[in-house]
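Presented below is the structure to which this report refers.
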Amino acid sequence: MAIALVLVLIVVGSVLFHLLSPWWWTPIASNWDYIDNTIIISFWITGVVFSAVVLFMAYCVFRFRHREGNRAAYEPENRRLESWLTIVTAVGVTALLVPGLFVWSRFVNVPSEAADVEVIGQQWQWSFRLPGKDGKLGTSDTRDVTADNPLGVAPKDPNGQDDVVVEAADLHLPVGKPVKVLLRSIDVLHDFYIPEFRAKMDMIPGSVTYFWFTPTRTGTFQVLCAELCGQGHPLMHGVVVVDTEQDYLAWLGQQQTFAQLSAPKQTGSANAPSGKTMASGLDVAAKLEPVEAR
Amino acid sequence: MVDVTPADAVPPAEVGEMELYHPHSWWTKYVFSQDAKVIAVQYSITATAIGLVALVLSWLMRLQLGFPGTFDFITPEAYYQFITMHGMIMVIYLLTALFLGGFGNYLIPLMVGARDMVFPYVNMLSYWIYLLAVLVLVSGFFAPGGPTGAGWTLYPPQAIMSGTPGGQDWGIILMLSSLILFIIGFTMGGLNYVVTVLQGRTRGMTLMRLPLTVWGIFTATVMALLAFPALFVACVMMLLDRVLGTSFFMPAIVEMGEQLQHNGGSPILFQHLFWFFGHPEVYIVALPAFGIVSDLISTHARKNIFGYRMMVWAIIAIGALSFVVWAHHMYVSGMHPYFGFFFATTTLIIAIPTAIKVYNWVLTLWRGDIHLTIPMLFALAFIVTFVNGGLTGLFLGNVVVDVPLSDTMFVVAHFHMVMGVAPILVIFGAIYHWYPKVTGRMLNEALGRFHFWVTFLGAYLIFFPMHYLGLMGIPRRYAELTDMNVMTESAHHLNSFISIMAFVVGFAQMVFLFNLIWSIRHGREAGGNPWRATTLEWQTPETPPAHGNFGKELPIVYRWAYDYSVPGAKEDFIPQNVPGSFAPSREPA
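Right, dumping it as structure tokens:
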């Protein structure tokens, strides 16, 4: 008997928790409110099914609990009922799947005007590369990675010479412009994830993966790694700043190109990259040092 | 539908009685035994013991997540070793071993009316290789560098690189070796379960008269025999990459400024192999639970399972479909995005046969005579947690919804609810149900009810709120949840609450273990058929059943397993081996 009451309380409690608790998604900052809407649809459909099934159970337990002299009915099957339930379920599943696939097709088809931005993951830091004036990223290869060429940009590729290289620093993006994020890793799997943008994708060494989004408001957003990449994984944070067009261009003007970076080093550091606010891989390694010493 | 008179369906004996190897000494009776029932107990004790290790590991993880920075000994390195071992133990060495090696061994021969498994010697070897696999796994804790911390998915390249605990030490080698051993051992047992169900059934036990427990375990075993080879080759290849420097899964890599020797391998190939095994694995654990819970509900509601044939076909459909959904674990892995359309569709189609099973369970309760025994309570709790976890699966299976939720705590909450808590509740229910047959005594009722309430409500309170942490964007597999914008103060409080509940639920399991041991001597005498059940294991001449199960003559089966509350019958149950002349058996033809 207690169980019937508890089953009802589970339904009521779960629904109230869903509606009243303070734990909910962070305000969105990209065009993927389509995804949020699909989640809302999913919550509705699944919430109704969950409540219906558990409340029905609670009723059965209450109504058909054993009492002296009771005897169960004998009903091996009921074709009509079983068919109806199958059809209703299929309709519910379709109602989830169709909007889901519709939004997925938007997610995988990148608009032609999207600007390329490359993100490079390595244990345990983020770097970025933007195409230069030619609008094209030069090719790259993990085997070209050296101390002077940490992103492995192909040294001979003319398209790569004017690429803007942002090593272990913040990425800036202009608000309202679609971006195609090209993802690359030079060591293990990582995953470029910004909760406010709702999108994420793994980066695989040896491949280039992608996703796209349009930032819809300015602000500073934290990048998290969402694919286990070794013991520095939880500290692999980065920063993406969404700027107004004007601020973005100002930031872009301060960055160095691949050609500038690979030119013989001059004395002094007049052109040191600015904005090194995030934890670099070395910082993470330093933080882990005492751990390994123990 | 034609009513078949039950006696017609009993063919004459075609195969003679098989000779059993009877033990001659204490060693061959209790240690190197070829009796499936002894092997089942050995499997169960070993799985429970290693499961306790996994429980302690989960406490250590919850200490770190709930009270960050308080426990210095839980370094990120240690944390990743804990999650890896916890996950692998729970999925493979506890759940798979307990359902198939434990329940499979005990129940298949008894329920189909066989004297033993078809190949008893191979069956014995299966257990000893499983034990060896467990020992190799545990040895990781004592090896230099400790066990692997690659996560239970063992994704390369990191699994065999120095940035991961155990990657360049012994940890990953021992893990892969242990898995290889496990698969060898399982294959020996698995072949036995399949052949015994197909060839060892007693006269009259047609396939459509099998209890759903047997259908669930049988289908899961067939799936495991098809799925584990994918994991086997993945383990062998990764072992070669690690030990001999081959490049099956390793592309060109720069590690901490150094070019590694590997080149040309595919990390994502490993993921396909892993999940070709890994997704069926979910159902390898779930289908036996489905089968067992059907029998628990039917027996304790004193009512035939509703829609038996539909239930059988649903089990088979789920088993088959589960081989074409694996890449739903890889929506954000960087595989070709068009795969998403296919795998989301197949994944959501699986919801239909699964939903049918849920409907049929609750419809079995409808107009039943529900005895709220402990097995029934656990079965009801299973339906709640399984429905909850199954429905959140519709979020994660629906490719675009998975994008924000993948690799967050939402996933952790989902799979714990659906393939952790739900099957384990069935295991508990099944133990309360069959313990009297195994030992001859009942488990203590008061301790059992305490165990039930704390476990069910505690587990729900752990995993239901956890979904919302994931919705906030908090990633899984983070040893430290600090310096993160999504991690609010209140989320920290919620995490502390979850950790406290984890300890409470863990404590209840100690009470359960005490009950298991205490009741062997002090439990109430059970008699042969305390639940007044219909299936053959309750009709043995001795309890616990002797070697050979059924005394001089094997039972003959005249009816399906669900003749409860048959109109006109004196008792509210008719065992399968009772001839049908006096009561109309309306089993589906």
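Protein chains in written order, with the working numbering: chain W, 6 to 299; chain G, 26 to 614.
Note that the Cβ used here is the ideal one computed from N, Cα and C, for glycine as well.
- Contact with chain W is found for G/Arg502, since one of that chain's Cβ atoms lies less than 8 Å from the residue's Cβ.
- Here G/Val536 is not near G/Met230, since their CB atoms are 8 Å or more apart.
- Here the segment 240-257 of chain G lies against the segment 290-302 of chain G, with 3 or more beta-carbon pairs under 8 Å apart.
- For G/Val425, the enclosing alpha helix (DSSP H) has its first and last residue at 424-430.
- In the DSSP assignment, the residues bridged to W/Val170 are W/Arg134, W/Gln261.
- By the rule that beta-carbons nearer than 8 Å mark a contact, W/Leu60 does not touch chain G.
- The segment 417-427 of chain G makes contact with the segment 346-357 of chain G; the number of CB pairs closer than 8 Å reaches 3 or more.
- Annotation for G/Val479: the continuous alpha helix (DSSP H) segment containing it runs 470-496.
- Using a CB distance cut-off of 8 Å, G/Trp351 does not count as an interface residue toward chain W.
- The beta-bridge partner set that DSSP reports for W/Met208 consists of W/His195.
- G/Asn385 and G/Ala339 have their C-alpha atoms roughly 11 Å apart.
- Rounded to the nearest angstrom, the Cβ distance from W/Cys230 to W/His177 is 20 Å, too far for a contact under 8 Å.
- Annotation: G/Glu470 has no Cβ neighbours in chain W at a cutoff of 8 Å; minimum Cβ distance is about 15 Å.
- One alpha carbon belongs to G/Asp394, the other to G/Met136, and they sit about 24 Å apart.
- In this structure, W/Pro210 sits away from W/Val186, with a CB-CB distance that is not shorter than 8 Å.
- Runs of the alpha helix (DSSP H) lying entirely within the segment 533-580 of chain G and spanning at least 4 residues: none are present.
- Around the beta-carbon of W/Gln251, fewer than 16 other beta-carbon atoms lie within 10 Å, marking it exposed.
- Within the segment 104-168 of chain G, the alpha helix (DSSP H) runs of at least 4 residues that lie entirely inside it are, in chain order, 130-137, 145-164.
- Counting C-beta pairs with one atom in each stretch, the segment 553-563 of chain G and the segment 459-474 of chain G have three or more that are closer than 8 Å, which means they touch.
- Taken atom to atom, the span from the alpha-carbon of G/Ala122 to that of G/Ser69 is near 8 Å.
- At a cut-off of 8 Å, the C-beta of W/Met208 has a neighbouring C-beta in chain G.
- The beta-carbon separation of G/Arg474 and G/Ile545, rounded to 20 Å, does not stay under the 8 Å limit for a contact.
- For the 8 Å CB-CB criterion, G/Ala527 and G/Trp84 form a contact.
- Counting only residues of its own chain and dropping the five nearest sequence neighbours on each side, G/Ile381 has a CB closer than 7 Å to the CB of Met335, Ala339.
- Sorting W/Val17, W/Trp28, W/Tyr64 by C-alpha distance to the C-alpha of W/Met6 places W/Tyr64 at the top.
- Nearest to G/Gly112 by alpha-carbon distance, out of G/Met467, G/Met200, G/Val66, G/Glu578, is G/Met200.
- Sequence-distant Cβ neighbours of G/Ile99 in its own chain, meaning closer than 7 Å and more than five residues away, are Leu85, Leu88, Gln89.
- An exposed status is given to W/Asp41, since fewer than 16 other beta-carbon atoms sit within 10 Å of its beta-carbon.
- Counting along the chain, G/Ala249 sits inside the alpha helix (DSSP H) bounded by residues 237-268.
- Partner residues in the beta bridge of W/Gly224, as assigned by DSSP, are W/Val247.
- Annotated three-state conformation of G/Arg334 is helix, per DSSP.
- Neighbours of G/Arg584 in chain W, taken as residues at a C-beta separation under 9 Å, are lacking, since the least C-beta distance is about 12 Å.
- Contact between G/Phe274 and G/Pro292 is confirmed by a C-beta separation of about 5 Å, below the 8 Å threshold.
- In the structure shown, the three-state DSSP call for W/Asp121 is strand.
- As DSSP reads the structure, W/Arg189 sits in a beta bridge with W/Ile125.
- Against chain G, a Cβ distance below 9 Å from W/Phe112 picks out Pro362, Gly365, Val424, Val425, Val428.
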